[in-house]
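Asker: Here it is, the structure, as structure tokens.
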Amino acid sequence: MRSNLTDDEKESEAEQMTGGDQGIEDELHMNGEDQTTGGDQAEVIEVARDYNILTPSTKFLHPSVDILAAWSPVSPPSNYYDDKRSVNYNIISRTSMSCPHVTGAAAFVKAAHPNWSPAPIKSALMTTAYVMDPRKHADLEFAYGSGHINPLKAVNPGLVFDASEADYVELLCHTGYNTSKLQLVTGDSSSCNNVTANRGWDLNYPSFSLAIKDGEQVMGTFTRRITNVRNTSTYYATVSMPGLVTVKVEPSVLSFTETGEKKSFTVKVYGPKITQQPIISGSILWKDGSHVIRSPLVVYTMLPFSTDQTNKQPAFLRFRPVPQKKHTSKELNP
């Protein structure tokens with residue numbers, strides 16, 4: 003985002019960018035110090051657009067601004083009507099460039115772990131991403147997701163959030179699909195008849211998003227299942243969250259004795275009634291001394307006019323988030 007824009011122009015540009023991945027940023031607290039990554043990264047990255055109002059989630063950023071890329075010589079390099087030039091390369095930006103970059107990063111992780119499905123690959127890219135600097139990007143939390151991807155760290159994430167086809171079938175059932183509509187998607191005999199009533203936010207995904215109706219109390223519980231992809235290790239939970247909201251992780255210590263072992267945990271979020279508070283952001287980290295697995299957590303107010311009819315975007319994206327400058331970070335002991 004250009005720095006010479008007025009506040010209204012910044013908000014307009016932010017709205018255009020937030021048509022995509024929902025995400026949050028947060029200060030990363032390690033060894034008692036706030037660690038944030040350089041703010042200049044935002045000048046060369048952009049988020050891919052894939053917002054889903056039924057299952058709010060965060061993803062990540064990848065390079066997509068001013069990329070030198072191959073270009074068809076039969077197509078002019080600009081949108082100007084009189085442009086008759088023929089070139090083999092062009093400077094391109096936005097989603098068309100972000101997609102091949104993140105695809106390459108995913109392929110890089112896949113090469114190191116041939117047996118991984120898309121879910122753990124995506125988890126590794128999200129949980130190892132660089133945290134964006136909240137001092138420079140406080141108004142784009144729903145745009146840049148978990149942060150800027152770091153493929154080298156993603157190869158060795160320590161823990162991953164896996165999800166099977168059955169998990170996604172349950173997600174569709176939880177978000178309103180009946181059996182006939184479900185089978186149009188799956189192409190098989192999958193059914194919602196035996197699926198226990200639940201919430202879409204319990205998909206085994208490496209982020210947490212809690213929508214609160216305007217004026218209601220903050221309260222929600224998430225369940226996650228995490229898989230160890232290293233050897234014997236013990237992870238301790240750390241929560242970084244504004245004092246307005248309390249987050250409790252149970253259990254707060256997870257011990258693994260073998261690769262592929264799975265453990266479940268719950269995250270309880272509670273706080274006072276909130277009004278006109280679009281975004282309260284924080285994070286949950288699992289640390290074993292060698293790895294840091296970071297999952298963003300966001301609480302936001304879902305306003306009554308839930309969808310902007312012009313851009314078909316959730317209404318809360320029309321508001322600039324309230325910057326959260328003060329976070330509390332603490333180790334959770336058993």
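Numbered per our numbering, the sequence shown spans residues 3 to 336.
Positions of the beta carbon are idealized from the N, C-alpha and C atoms, including for glycine.
Keep in mind it's a predicted model, so treat the numbers as computed, not measured.
Going along the chain, which residues of its own chain have a beta-carbon closer than 6 Å to the beta-carbon of residue 165, five neighbours each way excluded?
Answerer: On the sequence shown, position 163 is the one that residue 165 refers to. Within the same chain, residue 165 has close Cβ partners 121, 206.
Asker: Could you spell out the range, first to last residue, of the beta strand (DSSP E) harbouring residue 219?
Answerer: In the sequence shown, counting from the first residue as 1, residue 219 sits at position 217. That run of the beta strand (DSSP E) goes 219-230.
Asker: Put residue 154 into one of helix, strand or coil per three-state DSSP.
Answerer: Here residue 154 corresponds to residue number 152 of the sequence shown, with the count starting at 1. It is helical.
Asker: What ranges does the beta strand (DSSP E) occupy inside the stretch 240-264, keeping only unbroken runs of at least 3 residues that lie completely in it?
Answerer: 248-252, 255-258
Asker: Does DSSP put residue 174 in a helix, in a strand, or in coil?
Answerer: For the purposes of this step, residue 174 is taken as residue 172 along the sequence shown, with counting starting at 1. In this structure, residue 174 counts as helix in the three-state DSSP scheme.
Asker: Assuming the contact rule is C-beta atoms closer than 8 Å, residue 161 and residue 229 should be a hit. Round their C-beta distance to whole Å, please.
Answerer: The sequence position of residue 161 within the sequence shown is 159, counting from 1. The sequence position of residue 229 within the sequence shown is 227, counting from 1. Confirmed, Cβ separation roughly 7 Å.
Asker: DSSP state of residue 162, grouped into three classes?
Answerer: Taking the first residue of the sequence shown as 1, we reach residue 162 at position 160. In the structure shown, residue 162 sits in a strand (DSSP, three-state: E or B).
Asker: Could you spell out where the alpha helix (DSSP H) holding residue 106 opens and where it closes?
Answerer: Translated into the one-based positions of the sequence shown, residue 106 becomes position 104. First-last of the alpha helix (DSSP H) with residue 106: 97-114.
Asker: Pick from 124, 255, 108, 78: whose alpha carbon is nearest that of residue 87?
Answerer: Numbered from 1 along the sequence shown, position 85 holds the residue referred to as residue 87. When only C-alpha atoms are compared, the closest one is 78.
Asker: Can you tell me which residues form a DSSP beta bridge with residue 298?
Answerer: Taking the first residue of the sequence shown as 1, we reach residue 298 at position 296. In the DSSP output, where bridge partners are listed per residue, residue 298 has 285.
Asker: Alpha carbons only, please: which of 187, 244, 263 is nearest the one belonging to residue 299?
Answerer: In the sequence shown, residue 299 corresponds to position 297, counting from 1. Comparing Cα positions, the closest option is 244.
Asker: Count Cβ pairs between the stretch 180-199 and the stretch 117-133 that sit closer than 8 Å; are there 3 or more?
Answerer: no
Asker: Does the Cβ of residue 285 have 16 or more other Cβ atoms within 10 Å, making it buried, or fewer, making it exposed?
Answerer: Here residue 285 refers to the residue found at position 283 of the sequence shown. Answer is buried; the Cβ neighbour count reaches 16.
Asker: Look at the alpha carbon of residue 256 and the alpha carbon of residue 71, and state the distance between them as a whole number of angstroms.
Answerer: In the sequence shown, counting from the first residue as 1, residue 256 sits at position 254. In the sequence shown, counting from the first residue as 1, residue 71 sits at position 69. Answer to the nearest angstrom: the Cα atoms are 45 Å apart.
Asker: Report buried or exposed for residue 290, applying the criterion of at least 16 other Cβ atoms within 10 angstroms of its Cβ.
Answerer: As a working mapping, residue 290 is identified with position 288 in the sequence shown. So residue 290 ends up on the buried side.
Asker: Determine the extent of the beta strand (DSSP E) in which residue 121 is found, giving its start and end residues.
Answerer: Mapped onto the sequence shown, residue 121 falls at position 119. Residue 121 -> not in any beta strand (DSSP E); alpha helix (DSSP H) instead, spanning 120-129.
Asker: Starting from the C-beta of residue 249, find all residues in its chain whose C-beta is less than 6 Å away, skip the five residues before and the five after it, and write them out in chain order.
Answerer: Working through the sequence shown from its first residue, we reach residue 249 at position 247. Here the set comprises 241, 243, 271.
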